[in-house]
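First residue of the sequence shown: 698, per the numbering used here; consecutive thereafter.
Just so you know, even glycine gets a beta-carbon here, dropped at the ideal spot from N, CA and C.
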Amino acid sequence: MCGIAGVVSFDPDLRITRDHLIGMSARIAHRGPDADQIWMNERSPQIGMAFRRLAVIDPDPRAMQPMQTPDGRYTIVFNGEIYNYRQLKQQLPQRDWKTQGDAEVLLHLLSTHAETGLSQVKGMFAFALWDDKDKSLLLGRDRMGQKPLYFSIGRSSIAFASELGALDAWPDWEQEIDPASLTNYLQFGCTQPPRTIYTGAHQILPGHTLRITKIEETLTQIRYFDPNELTIAAPPTSKQCRALIESAVAEQLVADVPLGVFLSGGIDSSVIACSARKHRRIKTFSIGFDDPRYDETPYAREVARHLDTDHHEFKVTPDAAADLPKLAHVFGEPFGDSSALPTHYLSRETRQHVTVALSGDGGDELFGGYDRYRAIGMPIGLLRPFAPIGRLLTRGHPKSRVTRSGRLLASAGLNQADRYNQYLSIFDDRQIASLLKKPSRRDPAFAREWAELRIHRDPVQIALAIDRVRYLPNDLLAKVDRASMLHALEVRSPFMDHQLVHAVNLLTRQQLFAGGKKRFLREAFAADLPASVFSRPKMGFAVPIGDWFRSSLKPMLHEHLHATQSFARQHFDMQFVERLMHQHQSMQVDHSQRLYALLMLELWHRSRLTCDNFSLMQAK
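Quick look at the structure:
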């Protein structure tokens, strides 16, 4: 697990310097504190690569990157882990191996089979491969989007990096705000790849590659994996699902450094811990807060005791005012999911004990763990006359039963695509129209994707499929990557195993929901876990951000939104912003998620204004 960056310049007059690469490397130093290296090729086109290493497999210095094939034709920088690299090693013609790690295997796989070789890979990764003979750069990203990869196109260059902020060290790209991405952020709390918040920067999509030979050509990302492809004739049994989960966990236990498992006591993390415990006694990690509404440590403790793990439990006193700017900076663009904060705390504490942690991320999106999946399957069209009443009921805490019922009722009368879009939204269409100074319209991609998925799926299956290509990579996995790598902690997610993802594509409502949420996981693992794991209410990984905006974070919120150079003053109707704050402070309406999104937008904006003189904040 590491950080990568680099530049290719196709203009002899636009020179890449070591200072450019050192600057890019410094901005991702937190991703790889063990070692760093820079490589440059001065021939035309000129190319430079930077690498920050977090040594997880084969810590020998010979496994350092950038790494070249013996003939010097191919050079790679790679971030992530290839879980089946030992098996691939046996299949490749290369026999004079210099290392015991996975980077060299990926290098020779790509040099032998090019992009088609990725179909053989199991893992999470992002890479850049330079072909000095063909003068081409190949960028690629893992199937589910666990590892990030950004790139910017300049007048005569292309730059790439693990994090968007690293591109700031290269001057040849435009940093104008993309209005469509701003709208997407306000709606979903994150931008929607391949776009970023900047018009001049983009993301490699999950399961895609991009080959560049010159700037003037049309750049088209090629998809090599679709998580929603229907590859099997019938849904799997719960026994088959268990076998796939256990196989994925076994593969991901490989490491040459200490490894543990995140454990909340919920279904997903407990299943991962249970599967890992079959192989050895494991370390497990959980965090708790003084507020019992957000403290899952008693549940985690019960599971840890049942599985006999080496359990570590941390009580955290949040310092959001100090920690939110760190998160805003490491994301490189606005990110409005407040669960990044507890993920940051859990990663920080876990890193004191291990270098790698397995997580239960993705279980909800595979096995129907969210209330919105049940809601989208309900026939509520006849309740349309009561939609105004529903809107009145949505003013309370976002997770309260009354508010959730109100959101369901308020969506009555909408078509299914718009209903589900509304369930996912932070600001709805009317609020966005009131907030923005310049008119904006909703991105039509969501409705188009919904319509395409209707051919073979019912509404519940469509919602799950939408989340696998939108919410999972753009929000959940992005959150986990940035918050954990801020502390140089590698997090692996066995539920993202591509064979498992394809296997559950055809699970029916009956298989998902009969007898309670996550029926398949319950059937598969109930005999090995405490009954409370499957019977307790879902708590979610959250913090009381709404309460903080009425107390400890109130000054910070007002200071940033009202600052002379604030993003809000430049782009938003301040009267509408004032109304949101007043309604929240007076407890008329709970706007906690919306205010958090606005605050993180401001913190990102402030970080952007000061990035030239920014010294990377260490998460101590």
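Please classify leucine 1079 as buried or exposed, where buried requires at least 16 other C-beta atoms within 10 Å of its C-beta.
exposed
Does the CB of threonine 1100 have a neighbour CB from chain C at under 8 Å?
No chain C appears in this structure, which consists of one protein chain only.
Report yes if the C-beta distance between glutamine 949 and proline 1191 is below 8 Å; otherwise report no.
yes
Close Cβ partners of serine 878 (< 6 Å) along its chain, the five nearest in sequence each way excluded:
Thr888, Arg892, Ile894
Neighbourhood of arginine 852 by C-beta, 7 Å cutoff - its chain only, sequence neighbours within 5 removed:
Asp869
Which of helix, strand or coil does DSSP assign to isoleucine 701?
strand
Whose C-alpha, out of Glu1010, Leu1024, His1003, Val1157, is nearest the C-alpha of isoleucine 984?
Glu1010
Which of helix, strand or coil DSSP assigns to methionine 1278
helix
Please report how far the alpha carbon of glutamine 1262 lies from the alpha carbon of leucine 1203, in whole angstroms.
50 Å
Once DSSP output is grouped into helix, strand and coil, what is the label at asparagine 881?
helix
Just tell me which of Leu1258, Leu846, Leu1133, Pro924 has its CA closest to the CA of leucine 861.
Leu846
One question on the structure: do glutamine 884 and isoleucine 901 come within less than 8 Å of each other, judged by their Cβ atoms?
no
Count the C-beta pairs between the segment 1041-1060 and the segment 1132-1140 that are closer than 8 Å, then say yes if the count reaches three, no if not.
no
Outcome for arginine 770 when other beta-carbon atoms lying within 10 angstroms are tallied against a minimum of 16
exposed
Which runs of the alpha helix (DSSP H) fall wholly inside the segment 1171-1219 and span at least 4 residues, in chain order?
1174-1182, 1195-1200, 1206-1210
DSSP state of glycine 886, grouped into three classes?
coil
Per-residue burial, lysine 1317 [other beta carbons within 10 Å of its own, 16 or more giving buried]:
Confidence at lysine 1317 is low in this model, with a pLDDT of 36, below 50, so the placement of that residue should be treated as unreliable; the coordinate-derived value is given next. Counting Cβ neighbours within 10 Å, lysine 1317 comes out exposed, since fewer than 16 surround it.
Only counting runs of 3 or more residues, tell me where the beta strand (DSSP E) segments fall wholly within the segment 1017-1072, in order along the chain.
1053-1055
Out of Val1013, Ala1001, Arg1002, Asp965, state which residue places its alpha-carbon closest to the alpha-carbon of phenylalanine 986.
Val1013
Proximity to phenylalanine 1028 [Cα-Cα], best of Arg1098, Gln1158, Val1177, Arg908:
Val1177
Using only the alpha-carbon positions, how far apart do lysine 1096 and tyrosine 1293 sit?
15 Å
Over what stretch of residues does the alpha helix (DSSP H) that includes isoleucine 744 continue unbroken?
No alpha helix (DSSP H) holds isoleucine 744; the beta strand (DSSP E) holding it covers 743-750.
Alpha carbon to alpha carbon, what distance is there between lysine 975 and arginine 920?
36 Å
Taking the alpha-carbon of alanine 930 as reference, which of Gly798, Ile779, Val1201, Met1193 has the nearest alpha-carbon?
Val1201
Rounded C-beta distance between isoleucine 1073 and serine 859? I'm assuming under 8 Å.
With a Cβ gap of about 35 Å, isoleucine 1073 and serine 859 do not count as contacting.
Just mark asparagine 1310 as buried or exposed, buried being the case when its beta carbon has 16 or more other beta carbons within 10 Å.
Note that asparagine 1310 scores 43 on pLDDT, short of 50, meaning its location in the model is unreliable; the coordinates nonetheless yield the value given after this. Exposed.
Using only the alpha-carbon positions, how far apart do isoleucine 754 and histidine 1008 sit?
24 Å
Sorted by chain position, which residues of the same chain lie with C-beta nearer than 6 Å to serine 741's C-beta, five sequence neighbours on each side aside?
Pro709
Close Cβ partners of aspartate 1318 (< 7 Å) along its chain, the five nearest in sequence each way excluded
Here the chain covers residues 698 to 1317 and nothing more, so residue 1318 does not appear.
Below 7 Å CB to CB, which residues in the same chain sit around phenylalanine 682 once its five sequence neighbours on both sides are set aside?
Only positions 698 to 1317 of the chain appear in this structure, which leaves residue 682 out of reach.
Run through the segment 708-738 for me and flag every whole beta strand (DSSP E) of 3 or more residues, listed as ranges in chain order.
732-738
Beta bridge counterpart(s) of arginine 1151 as assigned by DSSP:
Arginine 1151 pairs with nothing; no bridge assigned.
Which class does tryptophan 827 belong to by DSSP, given the choice of helix, strand or coil?
strand
What runs of the alpha helix (DSSP H), each 4 residues or longer, lie entirely inside the segment 1231-1290?
1242-1245, 1251-1259, 1264-1268, 1271-1282
Among Ser967, Leu1055, Ile874, Glu926, which has the Cα closest to the Cα of proline 955?
Leu1055
Report yes if the CB atom of glycine 1065 is closer than 8 Å to the CB atom of lysine 1215, and no otherwise.
yes
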